[in-house]
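**Student:** Following this message is one structure expressed as structure tokens.
There are 2 protein chains.
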Amino acid sequence: MNDKRSNGGITNGVDDELGVILGLDGGTTSTICVCIPFSGQLADPVPVLARAAAGCSNHNSVGETAARDTLVQVMSEALLKSGSKKSAVRAVCLGVSGVNHPDDQERILNWLRNIFPSHVKLYVQNDAVAALASGTMGKLHGCVLIAGTGTISYGFTEDGREARAAGAGPILGDWGSGYGIAAKALTAVIRAHDGRDSQTMLTDRILQTLGLPSPDELIGWTYADPSWARIAALVPVVVSCAEAGDEIANQILNDAVQELASSVIAVVKRLGMGGQDGNSYFPIVMVGGVLEANKRWDIGKEVINCVLRTYPGATPVRPKVDPAVGAALLAWNYLTKEANGEYHRQP
Amino acid sequence: MNDKRSNGGITNGVDDELGVILGLDGGTTSTICVCIPFSGQLADPVPVLARAAAGCSNHNSVGETAARDTLVQVMSEALLKSGSKKSAVRAVCLGVSGVNHPDDQERILNWLRNIFPSHVKLYVQNDAVAALASGTMGKLHGCVLIAGTGTISYGFTEDGREARAAGAGPILGDWGSGYGIAAKALTAVIRAHDGRDSQTMLTDRILQTLGLPSPDELIGWTYADPSWARIAALVPVVVSCAEAGDEIANQILNDAVQELASSVIAVVKRLGMGGQDGNSYFPIVMVGGVLEANKRWDIGKEVINCVLRTYPGATPVRPKVDPAVGAALLAWNYLTKEANGEYHRQP
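Going down the list, the protein sequences come from chains P and B.
Every letter in the first sequence is one number past the one before it in this note's numbering, and letter 194, counting from 1, is 194.
Every letter in the second sequence is one number past the one before it in this note's numbering, and letter 146, counting from 1, is 1146.
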């Protein structure tokens, strides 16, 4: 599988003594694994030896077995592509969505322990933690807001306290998520159709996008496959209707902004991250398709404006590396601190 | 299978010449089938020869095959219990939830045609139509509001026009349903827990009801089995918290009242059922656990009060028979009209 590597010395930019780190970002839509070399000093840009991609690894969405198969597949592929042996792996950090509880973490850790030799350091976190690390280059300080298919806000203080808000899934009201925005838009189409609410541009645009002749067909369409990502894929239609002046689409986006800002504010408040006067600096790492600033109606910017009204020290960060690299940097930081005897003060 | 019946004459209250009618109410939680005798004159109370019950027959919830198995099982059982032969069946009326589209209706009719001899009259309707008929003794005039696990409003005019509102399922915003009320209550617990909203009595009461130690466990609980009925079963907890003065629980119920009233008003408006001055009489048949008047916080009464403000002629009807009997009465009416040569003017 790997004839480019010798035993000892440096191959493919990897110091064999120091080995490699696997960082993984497992979301509801896709799973990415990267392999980076471990080294004494973190290079900028971070050298990524290999990257592999697969589908959903959220056990709540696809079940335990399918989630694990996806994780194993994507880690093996990244390692193979990197030209490194399994024995070179020093640490693995998994940032996986659906890790909501210490039990989830423990279950995945137990399973990882059967895959990797005992000297390999293993870290399992919610994917929000990897996303935060992608904006802070591995340092766990500040707040991260993810809004893609789902949404969650997570915060860490420098003295190791943490808090989260939202991220509870569609049943439990993640209305700022891509799924939430699109589900509200679909609901608006139904309500306009049956006379409960005013007409909206969303009707024609959504039916056209889905290739459906009438709002009556929407019920069958949602039941046919209620996958969150399939519904969330309608967000750009909502944004374009809002940009074209549709009042209901604008209301849906404004509500989403309030929801997203309130989950950031809840986390910052609980951790006292704004300091006594509320003006202290802290980064807010912004991640996910809903927050991408490529539209006139910029949801991410509006969320920041909302947060700034309460916490003027909040500083938005758009990560330069992806969350999988964030996960790898997290492992890099843990390993380095451990090497410096700081393990028990890990952030 | 049936040794109590002779050929010819009257047995078990059934005139063998006239035969029997099967009426079926298929909801998301349960499916009921009744067998009534067909006769020239409708008796009061309606003589029910037999009644059989089974689980969910909504194809959107349990899939096509399971839904059909349930329907066959419950019809066979009702017929067997009634002491009637299959050959005595004159008409079958299925009121099934999940019939949202002519295609759904046609699919079930095709399948029924393979089960019953060709002379048997077959009718397939949304379960809301059977529910309306249960309040109007088979006459299709007025409006019905169902609010159980799901919710739908349906209306029929005497000249045969019809309209519906809501009934699109949880993804498409049936917020007045039992599921909708309970999902909002669960969301309120999550929001109070992560600091996005104020504390509510719902937290302790819901956790106690579900036997969970902390709101963190709610995410796992909802993912473990997202069946709508299981979530809707929490409605009494929300009502009791509202009765005890909890502001958030009261807000959730008030919102549900507005949602339910708006779906009735949308139907009545589209059909012009209130007449030119809005004051004409029409019945509103109220069906389902959410509308049951056995609580101090009476959701059904509040909905009626809301509707009366717009349509003073609206007259609430609490059905004396169950929706399965309503389905049978619907078939009884169709058969009678057909016998009188009025088939093509069926309501």
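For each residue, glycine too, the CB sits at the ideal point set by N, CA and C.
Note down the Cα distance separating asparagine 254 of chain P from arginine 1164 of chain B, rounded to an integer number of angstroms.
**Tutor:** By 1-based counting over the first sequence, the position of residue 254 of chain P is 254. By 1-based counting over the second sequence, the position of residue 1164 of chain B is 164. The alpha-carbon atoms of asparagine 254 of chain P and arginine 1164 of chain B are separated by roughly 30 Å.
**Student:** Do you know how far the Cα of alanine 1133 of chain B is from the Cα of alanine 1327 of chain B?
**Tutor:** Here residue 1327 of chain B refers to the residue found at position 327 when the second sequence is read from its first residue. Here residue 1133 of chain B refers to the residue found at position 133 when the second sequence is read from its first residue. Alanine 1327 of chain B and alanine 1133 of chain B: Cα-Cα distance of roughly 7 Å.
**Student:** By the DSSP assignment, the beta strand (DSSP E) with proline 117 of chain P in it spans what residues?
**Tutor:** Here residue 117 of chain P is taken as the residue at index 117 of the first sequence, counted from 1. Careful: proline 117 of chain P lies outside any beta strand (DSSP E) and carries neither H nor E.
**Student:** Given a cut-off of 8 Å on the beta-carbon distance, is the pair leucine 271 of chain P and glycine 138 of chain P in contact?
**Tutor:** Your numbering for residue 271 of chain P matches position 271 in the first sequence. Your numbering for residue 138 of chain P matches position 138 in the first sequence. No.
**Student:** Which residues bound the beta strand (DSSP E) around cysteine 241 of chain P?
**Tutor:** For this step, residue 241 of chain P is matched to residue 241 along the first sequence. Segment 235-243 is the alpha helix (DSSP H) holding cysteine 241 of chain P; no beta strand (DSSP E) there.
**Student:** Considering Cα atoms alone, identify which of B/Val1235, B/Pro1319, B/Gly1019, B/Thr1157 is closest to glycine 1083 of chain B.
**Tutor:** One-based indexing of the second sequence puts residue 1083 of chain B at position 83. It is B/Gly1019.
**Student:** Assign glutamate 106 of chain P to buried or exposed, taking buried as 16 or more other Cβ atoms, counted over all protein chains shown, within 10 Å of its Cβ.
**Tutor:** Mapped onto the first sequence, residue 106 of chain P falls at position 106. So glutamate 106 of chain P ends up on the exposed side.
**Student:** Taking Cβ to Cβ, would you say glycine 135 of chain P is nearer than 8 Å to leucine 24 of chain P?
**Tutor:** As a working mapping, residue 135 of chain P is identified with position 135 in the first sequence. As a working mapping, residue 24 of chain P is identified with position 24 in the first sequence. No; because the gap between Cβ atoms is not below 8 Å, this pair is not in contact.
**Student:** Please work out which residues of its chain come closer than 7 Å, Cβ to Cβ, to alanine 381 of chain P, disregarding the five sequence neighbours upstream and downstream, and give them in chain order.
**Tutor:** Here chain P covers residues 1 to 347 and nothing more, so residue 381 of chain P does not appear.
**Student:** I'd like the ranges of any beta strand (DSSP E) spanning at least 3 consecutive residues and lying wholly in the region 30-92 of chain P.
**Tutor:** You should have 31-37, 50-54.
**Student:** If I follow the unbroken beta strand (DSSP E) through leucine 1122 of chain B, where does it start and stop?
**Tutor:** Along the second sequence, one-based indexing puts residue 1122 of chain B at 122. 1121-1126 is the span of the beta strand (DSSP E), which, as asked, contains leucine 1122 of chain B.
**Student:** If the cut-off is 8 Å on Cβ atoms, which residues from the region 267-278 of chain P count as contacting chain B, listed in chain order?
**Tutor:** Val267, Lys269, Arg270
**Student:** Tell me where the alpha helix (DSSP H) around glycine 326 of chain P begins and ends.
**Tutor:** Looking up residue 326 of chain P in the first sequence gives position 326. For glycine 326 of chain P, the enclosing alpha helix (DSSP H) starts and ends at 323-339.
**Student:** Would you grab the beta carbon distance between leucine 218 of chain P and leucine 172 of chain P for me? Rounded to a whole angstrom, and I think it's under 8 Å.
**Tutor:** For the purposes of this step, residue 218 of chain P is taken as the residue at position 218 of the first sequence. For the purposes of this step, residue 172 of chain P is taken as the residue at position 172 of the first sequence. The pair is not a contact, with the Cβ atoms about 23 Å apart (cut-off 8 Å).
**Student:** Kindly indicate the opening and closing residues of the beta strand (DSSP E) around isoleucine 171 of chain P.
**Tutor:** Counted from its first residue, the first sequence places residue 171 of chain P at position 171. It is not in any beta strand (DSSP E) - isoleucine 171 of chain P carries neither H nor E in the DSSP assignment.
**Student:** Anything in the region 1218-1233 of chain B with a Cβ closer than 8 Å to a Cβ of chain P? List those residues in chain order, please.
**Tutor:** Within the region 1218-1233 of chain B, the residues whose Cβ lies closer than 8 Å to some Cβ of chain P are Leu1218, Ile1219, Gly1220, Thr1222, Tyr1223, Pro1226, Ile1231, listed in chain order.
**Student:** Helix or strand or just coil, what does DSSP make of arginine 5 of chain P?
**Tutor:** Here the question's residue 5 of chain P lines up with position 5 in the first sequence. Bear in mind that the predicted position of arginine 5 of chain P carries a pLDDT of just 42, short of 50, making it too unreliable to give a figure here.
**Student:** Assuming the contact rule is C-beta atoms closer than 8 Å, methionine 1286 of chain B and arginine 1318 of chain B should be a hit. Round their C-beta distance to whole Å, please.
**Tutor:** As a first step, residue 1286 of chain B must be located in the second sequence, where it is residue number 286. As a first step, residue 1318 of chain B must be located in the second sequence, where it is residue number 318. Confirmed, Cβ separation roughly 6 Å.
**Student:** Beta-carbon separation of tyrosine 223 of chain P and glycine 1169 of chain B under 8 Å?
**Tutor:** For this step, residue 223 of chain P is matched to residue 223 along the first sequence. For this step, residue 1169 of chain B is matched to residue 169 along the second sequence. Cβ atoms of tyrosine 223 of chain P and glycine 1169 of chain B: closer than 8 Å.
**Student:** Keeping to the same chain, check which residues put their C-beta closer than 6 Å to that of asparagine 279 of chain P; ignore five residues upstream and five downstream.
**Tutor:** Mapped onto the first sequence, residue 279 of chain P falls at position 279. Cβ neighbours of asparagine 279 of chain P beyond the five flanking positions: Pro312, Gly313.
**Student:** Give the single residue among B/Thr1029, B/Lys1269, B/Tyr1334, B/Gly1040 whose Cα lies nearest to the Cα of alanine 1054 of chain B.
**Tutor:** Indexing the second sequence from 1 puts residue 1054 of chain B at position 54. The shortest Cα separation from alanine 1054 of chain B among B/Thr1029, B/Lys1269, B/Tyr1334, B/Gly1040 belongs to B/Thr1029.
**Student:** So, does the CB of asparagine 2 of chain P fall closer than 8 Å to a CB anywhere in chain B?
**Tutor:** By 1-based counting over the first sequence, the position of residue 2 of chain P is 2. With a pLDDT of 41 at asparagine 2 of chain P, under the threshold of 50, the modelled position of this residue cannot be trusted; read the value that follows with caution. Taking Cβ atoms only, chain B never reaches closer than 8 Å to asparagine 2 of chain P, which makes this a no.
**Student:** Should glycine 8 of chain P be flagged as near chain B, meaning a C-beta pair shorter than 8 Å?
**Tutor:** Sequence index remark: in the first sequence, residue 8 of chain P carries index 8 (1-based). Residue placement at glycine 8 of chain P is flagged as unreliable, the pLDDT there being 45, under the threshold of 50; a coordinate-derived value is accordingly withheld.
**Student:** So, with DSSP's three-state summary, where would you put glycine 1019 of chain B?
**Tutor:** As a working note, residue 1019 of chain B is residue 19 in the second sequence. Look at glycine 1019 of chain B here: in three-state DSSP terms it is coil, with no helix or strand label.
**Student:** Quick one, are the C-beta atoms of alanine 1091 of chain B and isoleucine 1021 of chain B less than 8 Å apart?
**Tutor:** One-based indexing of the second sequence puts residue 1091 of chain B at position 91. One-based indexing of the second sequence puts residue 1021 of chain B at position 21. A contact, by the Cβ cut-off of 8 Å.
**Student:** Cα separation between leucine 42 of chain P and valine 48 of chain P?
**Tutor:** Sequence index remark: in the first sequence, residue 42 of chain P carries index 42 (1-based). Sequence index remark: in the first sequence, residue 48 of chain P carries index 48 (1-based). Spanning the two alpha carbons is a distance of roughly 12 Å.
**Student:** Taking the continuous alpha helix (DSSP H) assigned at arginine 1161 of chain B, which residues delimit it?
**Tutor:** Counting from one through the second sequence, the residue named residue 1161 of chain B turns up at place 161. Unbroken run through arginine 1161 of chain B: none, as it is neither H nor E.
**Student:** How big is the Cα-Cα spacing for serine 1118 of chain B and proline 1213 of chain B?
**Tutor:** Locating residue 1118 of chain B in the second sequence gives position 118, counting from the first residue. Locating residue 1213 of chain B in the second sequence gives position 213, counting from the first residue. Taking the straight line joining both Cα atoms gives about 58 Å.
**Student:** Report the residues of the region 140-171 of chain P with a CB closer than 9 Å to any CB of chain B, ordered along the chain.
**Tutor:** Identification of residues in the region 140-171 of chain P having a C-beta nearer than 9 Å to some C-beta of chain B yields Ser153, Ala163, Arg164, Ala165, Ala166, Gly167, Ala168, Gly169, Pro170, Ile171, given in sequence order.
**Student:** Can you find the residues in the same chain that come closer than 6 Å, C-beta to C-beta, to tryptophan 1111 of chain B, ignoring five residues on each side of it along the sequence?
**Tutor:** The count along the second sequence starts at 1 and reaches residue 1111 of chain B at position 111. Hits under 6 Å: none found.
**Student:** Against alanine 183 of chain P, what residues of chain B qualify as contacts under a CB-to-CB distance less than 8 Å, listed in chain order?
**Tutor:** Taking the first residue of the first sequence as position 1, residue 183 of chain P is located at position 183. Those are Ile1171, Leu1172, Gly1173, listed as they occur along chain B.
**Student:** Within 8 Å of any Cβ in chain B, is that where the Cβ of arginine 196 of chain P sits?
**Tutor:** If you number the first sequence from 1, residue 196 of chain P lands on position 196. A Cβ of chain B is located within less than 8 Å of the beta carbon of arginine 196 of chain P.
**Student:** Note down, in chain order, every chain P residue with its Cβ under 8 Å from the Cβ of histidine 1101 of chain B.
**Tutor:** Indexing the second sequence from 1 puts residue 1101 of chain B at position 101. Correct list: Asp216, Glu217, Ile219, Gly220.
**Student:** Do the CB positions of alanine 128 of chain P and isoleucine 108 of chain P come within less than 8 Å of each other?
**Tutor:** Numbered from 1 along the first sequence, position 128 holds the residue referred to as residue 128 of chain P. Numbered from 1 along the first sequence, position 108 holds the residue referred to as residue 108 of chain P. For alanine 128 of chain P and isoleucine 108 of chain P, no; Cβs fall outside 8 Å.
**Student:** Determine, using beta-carbon pairs with one atom in the region 1190-1200 of chain B and one in the region 184-202 of chain P, whether at least three such pairs fall under 8 Å.
**Tutor:** no
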